[in-house]
Amino acid sequence: MCAKVKSKEKTVEREPVSAPDAIFIKGARVHNLKNVSVSIPRNQLVVVTGVSGSGKSSLTMDTLYAEGQRRYAESLSAYARQFLMRMNKPDVDYIKGICPAIAIEQKVVTRTPRSTVGSMTEIYDYLRLLFSRAGQTFSPVTGQLVKKHEVADVVDYISKLPQGAKVQILVPFRQHANRKPLEELNILMQKGFSRLYAGGALVRIEELMEEKAPKIAADTFVLIDRIVVKDFEEDDKHRIADSVQTSFYESEGYCTLEVDGKLGPVFSNRFELDGIQFEEPVPNLFSFNNPYGACPTCEGFGQVLGIDRDLVIPDKRLSVFEGAIAPWRGEKMGEYKEALIKSSRKFNFPVHKPISDLTDEQLELLWSGNEHFYGINEFFKMVEQNLYKVQYRVMQARYRGRTICPTCHGARLRQEATYVKVSGKGISELVDMPVEKLKVWFDNLELSEYQQQVAKRILIEINHRLKTLLDVGLGYLTLNRVANTLSGGESQRIQLTRTLGSNLTNSLYILDEPSIGLHARDTHRLIRVLHELRDLGNTVVVVEHDEQMMEKADYIIDMGPLASHLGGEVTFSGTYPEILKDGKSLTGKYLSGHYRLEPPAHLRKWKRSIQLEGCRQNNLKNVDVEFPLGIFTVVSGVSGSGKTTLVKQILYPALMKLKGEFTDRVGQYRVMKGDMDFITQIEMVDQNPIGKSSRSNPVTYIKAYDEIRDLFAKQPLSKMRGFQPKHFSFNVDGGRCDTCKGEGEVIVEMQFLADVHLTCETCGGKRFKDEVLEVQYKGKNIFDILELGVDEAIEFFKEEKDVIARIKPLSDVGLGYVKLGQSSDTLSGGEAQRVKLASFLGKGKAQGHILFIFDEPTTGLHFHDIKKLLDSFNALIDQGHSVLVIEHNLDVIRSADWVIDLGPEGGEGGGTLLYAGQPEGLKKVKDSYTGKFL
Numbered sequence: 001m002c003a004k005v006k007s008k009e010k011t012v013e014r015e016p017v018s019a020p021d022a023i024f025i026k027g028a029r030v031h032n033l034k035n036v037s038v039s040i041p042r043n044q045l046v047v048v049t050g051v052s053g054s055g056k057s058s059l060t061m062d063t064l065y066a067e068g069q070r071r072y073a074e075s076l077s078a079y080a081r082q083f084l085m086r087m088n089k090p091d092v093d094y095i096k097g098i099c100p101a102i103a104i105e106q107k108v109v110t111r112t113p114r115s116t117v118g119s120m121t122e123i124y125d126y127l128r129l130l131f132s133r134a135g136q137t138f139s140p141v142t143g144q145l146v147k148k149h150e151v152a153d154v155v156d157y158i159s160k161l162p163q164g165a166k167v168q169i170l171v172p173f174r175q176h177a178n179r180k181p182l183e184e185l186n187i188l189m190q191k192g193f194s195r196l197y198a199g200g201a202l203v204r205i206e207e208l209m210e211e212k213a214p215k216i217a218a219d220t221f222v223l224i225d226r227i228v229v230k231d232f233e234e235d236d237k238h239r240i241a242d243s244v245q246t247s248f249y250e251s252e253g254y255c256t257l258e259v260d261g262k263l264g265p266v267f268s269n270r271f272e273l274d275g276i277q278f279e280e281p282v283p284n285l286f287s288f289n290n291p292y293g294a295c296p297t298c299e300g301f302g303q304v305l306g307i308d309r310d311l312v313i314p315d316k317r318l319s320v321f322e323g324a325i326a327p328w329r330g331e332k333m334g335e336y337k338e339a340l341i342k343s344s345r346k347f348n349f350p351v352h353k354p355i356s357d358l359t360d361e362q363l364e365l366l367w368s369g370n371e372h373f374y375g376i377n378e379f380f381k382m383v384e385q386n387l388y389k390v391q392y393r394v395m396q397a398r399y400r401g402r403t404i405c406p407t408c409h410g411a412r413l414r415q416e417a418t419y420v421k422v423s424g425k426g427i428s429e430l431v432d433m434p435v436e437k438l439k440v441w442f443d444n445l446e447l448s449e450y451q452q453q454v455a456k457r458i459l460i461e462i463n464h465r466l467k468t469l470l471d472v473g474l475g476y477l478t479l480n481r482v483a484n485t486l487s488g489g490e491s492q493r494i495q496l497t498r499t500l501g502s503n504l505t506n507s508l509y510i511l512d513e514p515s516i517g518l519h520a521r522d523t524h525r526l527i528r529v530l531h532e533l534r535d536l537g538n539t540v541v542v543v544e545h546d547e548q549m550m551e552k553a554d555y556i557i558d559m560g561p562l563a564s565h566l567g568g569e570v571t572f573s574g575t576y577p578e579i580l581k582d583g584k585s586l587t588g589k590y591l592s593g594h595y596r597l598e599p600p601a602h603l604r605k606w607k608r609s610i611q612l613e614g615c616r617q618n619n620l621k622n623v624d625v626e627f628p629l630g631i632f633t634v635v636s637g638v639s640g641s642g643k644t645t646l647v648k649q650i651l652y653p654a655l656m657k658l659k660g661e662f663t664d665r666v667g668q669y670r671v672m673k674g675d676m677d678f679i680t681q682i683e684m685v686d687q688n689p690i691g692k693s694s695r696s697n698p699v700t701y702i703k704a705y706d707e708i709r710d711l712f713a714k715q716p717l718s719k720m721r722g723f724q725p726k727h728f729s730f731n732v733d734g735g736r737c738d739t740c741k742g743e744g745e746v747i748v749e750m751q752f753l754a755d756v757h758l759t760c761e762t763c764g765g766k767r768f769k770d771e772v773l774e775v776q777y778k779g780k781n782i783f784d785i786l787e788l789g790v791d792e793a794i795e796f797f798k799e800e801k802d803v804i805a806r807i808k809p810l811s812d813v814g815l816g817y818v819k820l821g822q823s824s825d826t827l828s829g830g831e832a833q834r835v836k837l838a839s840f841l842g843k844g845k846a847q848g849h850i851l852f853i854f855d856e857p858t859t860g861l862h863f864h865d866i867k868k869l870l871d872s873f874n875a876l877i878d879q880g881h882s883v884l885v886i887e888h889n890l891d892v893i894r895s896a897d898w899v900i901d902l903g904p905e906g907g908e909g910g911g912t913l914l915y916a917g918q919p920e921g922l923k924k925v926k927d928s929y930t931g932k933f934l
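Counting from 1, position 64 in the sequence shown corresponds to residue 64 in full-length UniProt numbering; the numbering is continuous, with no gaps.
Take a look at the structure:
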């Protein structure tokens, strides 16, 4: 409805005015968006939902966030702007009411082993401040507090002495190595000192100088000043302070008092005790990223290349007698084992007990040895001394690997940093505590009045961030956990913690599925955090499929109706109660129960399985688990309950090792038995990117590009010009653009900002040379083909059976919207995982029996797409394979044939097997949170 404004000349028609407190997007056409106009209410929690590929990210990230960034760039200096001005403006008519934008994506932000949970959330920076301001240094020799005296301490001591007490301020007489006593006395005279104190009596320096070779006893002092204690005036105190200052200066840090004829206390302004000079606590002393604070052996990594304990004792189920120590097998080196077995009864060592059942003390004894036998450490010292012999060099190389630093024991800091304590704990002890325990420690922290004063602000910041980490369901992590071991969801929630800590207001936050990897139990806590962010006066836009999140949102925008070229429209915008009644919204139909993901009518039976006994890696508490084969199995449980440990750190590497494949270190377990020979191959389908290069993409990964290149090489123009399939590849020279090497874009490295990706000016982003682009098939060149969505390509190549057979699986797993040539680094973790799944489905009925392991495959999937994913799983099982899935999604759990539930809590409160059986039975398990939500 247009507002008409009367004027004397004529009637003017104006644009419709959107609500004053809304961000209004008009005419967005980025990617598949079809001229979308939508208003997003400000200062509210807005959920953008819809099937995968319907245009959610195009609207939020590529339009809203990109424009927010571009407007910010316009406020920068001319130098920075010359690069940023080439940033493409999103294809949109206009956006009104936009505020500064912050995007929190699900990518694992860092790959460096130096970055930890503590440094990412900034909690570690505040801990360093806390320890440098309020920390107390204790001597490792006597455990006494190390103090540094100030001038004021000495003045206070003298002032508190009884009235009339006679005090002499003294410093030790020190003779310089190259000077004779007479020269030393002469210098003292020149400095204005006139008396020495020796054996309880004063001697004038002038008298001593009259002797030719004066003898000066070892315990002689120089008199600085004499004082009689009384009610001191201000001037008197100044005089005493000057004298004390002089004594500290003359003796390089010491001041001795003699009170009424008795040599009294010694004060020192040097930070030392027990003959050790200590480092004064400063923030950099506690930084493992700074050469001053980092452990000199491992340079702050916590690990060094050394003898790897897991390679020396690869199978913890064996005893010493059975040959658990790998280098001590065989005839020659077996002498070391024999020596230990023969002498073991002298110190009661259990040689027949499995290594995994030994106590920490017994295990340490095995490495360090004693007077009766050479330990493993001594053995490797012998190997090192014989490295000139080739067999010893081979032996050392066989057992070398990454191992915990022997100097700092993994703490990453230099020794001096560990002497500083706050309330009896060192900084490295705190970072090894799970966040939930650390929060309790801080809540009960008792400090002196002075410490409370200096640490007040620091503690507010630490407690706020710890509370947020707990709220987003990460209480099971330790601050020492290396950032590159986190999942995408964990990484995103950590960024959220850091962002919340900065308390920004009037900003636009855009989050990409923050509930990934979060159990239904913890989602409400995450929602509370998002509400907190909104209540600070921010607009929070969340791309999300979670039902709880939609229910608690202030406003919902549903994109659709379907994916790719069939999507790109706003099918609904309004509140949760409104979407339930809406007839057009696909999401609404699932939320209202009109459409449902029905559990299977018949559950599959199984005959074969793999059993793991005695699993006790990380927080697993000696768990025995049976994994059925030939069916669809789900491992569930709250975040941090031990699912990843059980499947990815024990089962997968143990099976890989059995097949003789290269694998990561195997977690601790006692026995694996069952039908291992039945499995011919194990495939871990995780969320890591599908290729290392930015040129890798879905069409090359599923091997469909080979067929397409062959097709183009057969075209008449290709034959005339002598083009071969390689000319249509962007990975080798020939047909690709020489400027951007087939990337289609050039990267400008910005010094202090994120790198800027600019379209290549030579090929205009088309990746190939003009003569190659002139070759066409059905009116499209090779670049046009790469720009097609999967579903469009299926329609386009309908006559080419070979191409269709390769591409079809991508559509089957719900990736019909992805472009054939889309760069792999723009795919989310869930999309990358489904591309891998499609590549297996495309291979048809593979020989043998494959065990597929999936890590949270529903990441980024709408209810409608989960159905397709489950169909893909069933297709794999119908081909005779087994599917094992780590998952929180309740629809997937309901659709499983067998559920293994771990818990009940995360971290130390988890790690026990609560249930194994058909999904229906899980509802009756009292302790299971998964059962309650089912």
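Even for Gly, the Cβ is constructed at its ideal location relative to N, Cα and C.
- Residue nearest to Gly-489 within the set Val-925, Val-482 and Asp-512 is Asp-512 (criterion: CA-CA distance).
- In this structure Val-885 is not in contact with Ile-866, their Cβ atoms being roughly 12 Å apart against a cut-off of 8 Å.
- Residue Pro-561 holds the alpha-carbon nearest to the alpha-carbon of Phe-572 among Pro-561, Ala-241 and Ala-66.
- For Asp-235, the number of other beta carbons within 10 angstroms of its own is below 16, and it is reported as exposed.
- In this model, Gln-495 and Asn-538 are separated by some 17 Å (Cα to Cα).
- Fully contained in the stretch 632 to 663 are the following alpha helix (DSSP H) runs of length 4 or more, in chain order: 652 to 658.
- Taken in chain order, the whole alpha helix (DSSP H) runs of length 4 or more contained in the stretch 47 to 89 are 56 to 59, 66 to 73 and 78 to 84.
- Contact annotation: the stretch 812 to 821 touches the stretch 691 to 703, with at least three C-beta pairs closer than 8 Å.
- Cβ-Cβ separation between Asp-855 and Gln-687: approximately 6 Å, consistent with a contact (criterion under 8 Å).
- Counting along the chain, Gly-560 sits inside the beta strand (DSSP E) bounded by residues 555 to 560.
- Beta-bridge partners assigned by DSSP to Asn-370: Phe-373.
- By the beta-carbon neighbour count (other beta carbons within 10 angstroms, threshold 16), Gly-593 is exposed.
- Inside the stretch 403 to 440, DSSP marks whole alpha helix (DSSP H) runs of 4 or more residues at positions 427 to 431, from first to last along the chain.
- Distances from the CA of Trp-898 to each of Val-394, Pro-904, Leu-518 and Glu-887 were compared; the closest alpha carbon is that of Glu-887.
- Distances from the alpha-carbon of Val-282 to those of Ala-152, Asp-522, Tyr-249 and Ser-132 put Ser-132 closest.
- In this model, Glu-335 and Ile-679 are separated by some 40 Å (Cα to Cα).
- Note on Glu-449: under 16 other CB atoms within 10 angstroms of its CB, so exposed under the neighbour-count rule.
- By the Cβ criterion, the stretch 604 to 615 is in contact with the stretch 664 to 674, since at least three pairs of Cβ atoms, one from each stretch, lie closer than 8 Å.
- C-alpha of Gln-847 to C-alpha of Tyr-509: approximately 49 Å in a straight line.
- If you draw a straight line from the Cα of Val-36 to the Cα of Val-92, it is about 9 Å long.
- Contact check for Leu-196 against Leu-182 fails: the beta carbons are separated by 9 Å or more.
- Around the Cβ of Asp-357, a 10 Å sphere holds fewer than 16 other Cβ atoms; the residue is exposed.
- If only complete runs of 3 or more residues are kept, the stretch 314 to 402 shows no beta strand (DSSP E) anywhere.
- A check of alpha carbon separations from Asp-471 across Asp-443, Leu-655, Thr-485 and Glu-436 identifies Glu-436 as the nearest.
- By the criterion of a C-beta distance shorter than 8 Å, Gly-574 is surrounded in its chain by Tyr-555, Ile-556 and Asp-582, once the five residues flanking it on both sides are discounted.
- Lys-657 and Pro-406 have their alpha carbons spaced roughly 28 Å apart.
- With respect to the 9 Å criterion, Ser-115 and Asn-484 are classified as neighbours on the basis of their beta carbons.
- Residue burial annotation: Leu-145 is exposed, with fewer than 16 other C-beta atoms found within 10 angstroms of its C-beta.
- Annotation: the continuous alpha helix (DSSP H) that includes Gln-833 extends over 829 to 841.
- With contact defined as three or more Cβ pairs closer than 8 Å, the stretch 726 to 744 and the stretch 755 to 769 are in contact.
- In the structure shown, the three-state DSSP call for Thr-587 is helix.
- Taking 3 residues as the minimum length, the beta strand (DSSP E) runs contained wholly in the stretch 458 to 515 are 508 to 512, in order along the chain.
- Less than 9 Å divides the Cβ of Val-151 from the Cβ of Asn-269.
- Distances from the CA of Tyr-476 to each of Leu-861, Glu-771 and Val-431 were compared; the closest alpha carbon is that of Val-431.
- Looking at the DSSP output, Leu-170 bridges to Leu-223 and Thr-256.
- One thing to note: Ile-123 has its Cβ within 9 Å of the Cβ of Arg-465.
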